[in-house]
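Before any comments, here is the structure.
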């Protein structure tokens, strides 16, 4: 691949693909907020309907992951979605505390997994076989390994809760009604995107950058601090997605 090919691929991932993934996760939380609001208006519980939808996501995700495509996200959505149910009766302050707890879990996720004796499960292979007879067996093995990537869950739950909070607090309505606020939001989103492009998506996400960082920093405690810092940045990316989605939705 040429340098231009890599640059286009990098731009496509940063500005299109990852934003799309982030926006879809936030929409899930926003959608839950809409369901809760409508259930309250009808004096009904959102739990039965939401549980049926999560169960449907689990079944569809399992069929998709094993029989159609090894890259499935629906099971992650469904399992992480259960964490939304306790938040439905929280006040805005309680919801922010819940967000903070999930955020701290994400920052120290590797320490928590190590304390619990849960070891990372390596993916045997990311490339499916060419022959159809081995395809389902590969998908099943990949499914078992892929869905033990526990670090995905706190990140996804945080995004769900963030979307729920934005719907609950009426952030999108405020942006739609205030043109000056939209301009400030746009400037803030663009500035953070530029910073992340150079700081987070550049050399820090490449194998060469990771090796250079490991060679430069020998102390385990310092590596731990840098790892926590990078996970904090990863969570802050969700705020960029919120800003981008909000502007798209109200434009």
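Residue numbers (the working numbering): 5 to 255.
Backbone N, C-alpha and C fix where the C-beta goes; we use that ideal spot for every residue, glycine too.
Just so we're clear, the structure is a prediction, and the values are computed from it rather than from any experiment.
Rounding to the nearest angstrom, what Cα-Cα distance links residue i and residue j in this structure?
i: residue 86; j: residue 58; result: 8 Å
i: residue 151; j: residue 170; result: 28 Å
i: residue 208; j: residue 66; result: Only weak support is given to the placement of residue 208: the predicted model assigns it a pLDDT of 48, under 50, and the question is left unresolved by the model.
i: residue 38; j: residue 8; result: 43 Å
i: residue 98; j: residue 90; result: 11 Å
i: residue 106; j: residue 54; result: 21 Å
i: residue 95; j: residue 64; result: 33 Å
i: residue 133; j: residue 72; result: 13 Å
i: residue 124; j: residue 182; result: 47 Å
i: residue 265; j: residue 143; result: Residue numbering for the chain in the displayed model covers 5 to 255; residue 265 lies beyond these limits and cannot be assessed.
i: residue 70; j: residue 127; result: 16 Å
i: residue 68; j: residue 29; result: 19 Å
i: residue 174; j: residue 79; result: 29 Å
i: residue 120; j: residue 36; result: 31 Å
i: residue 12; j: residue 46; result: 49 Å
i: residue 191; j: residue 118; result: 40 Å
If you follow the alpha helix (DSSP H) that residue i is in, where does it begin and where does it stop?
i: residue 162; result: 156-172
i: residue 123; result: First-last for residue 123: undefined, no H or E at that position.
i: residue 97; result: 96-111
i: residue 77; result: Taken as a continuous stretch (DSSP letters only), residue 77 belongs to no alpha helix (DSSP H), as it is neither H nor E.
i: residue 51; result: 51-67
i: residue 181; result: 175-181
i: residue 71; result: Neither: residue 71 is in no alpha helix (DSSP H) and is coded neither H nor E.
i: residue 148; result: 139-150
Drop a sphere of 10 angstroms on the beta-carbon of residue i, count the other beta-carbons inside from all chains shown, and report buried for 16 or more, exposed for fewer.
i: residue 93; result: exposed
i: residue 48; result: exposed
i: residue 56; result: exposed
i: residue 193; result: buried
i: residue 44; result: exposed
i: residue 108; result: exposed
On a Cα-Cα basis, can you pick out the residue from the options that is closest to residue i?
i: residue 159; options: 53, 54, 39 and 84; result: 84
i: residue 148; options: 34, 172, 76 and 118; result: 76
i: residue 60; options: 43, 81, 109 and 42; result: 81
i: residue 88; options: 33, 194 and 145; result: 33
i: residue 40; options: 28, 51 and 161; result: 51
i: residue 129; options: 120, 68, 146 and 119; result: 146
i: residue 31; options: 124, 176, 79 and 194; result: 176
i: residue 172; options: 29, 28 and 42; result: 42
i: residue 26; options: 195, 179 and 161; result: 161
- prompt: Three or more beta-carbon pairs under 8 Å between the region 161-170 and the region 90-104, yes or no?
  reply: yes
query: Touch check for the region 124-142 and the region 183-196: three-plus C-beta pairs under 8 Å?
result: no
- request: Take every Cβ of the region 106-115, pair it with every Cβ of the region 148-162, and state whether three or more of those distances are shorter than 8 Å.
  value: Contact between the region 106-115 and the region 148-162 is present, because at least three Cβ pairs lie under 8 Å.
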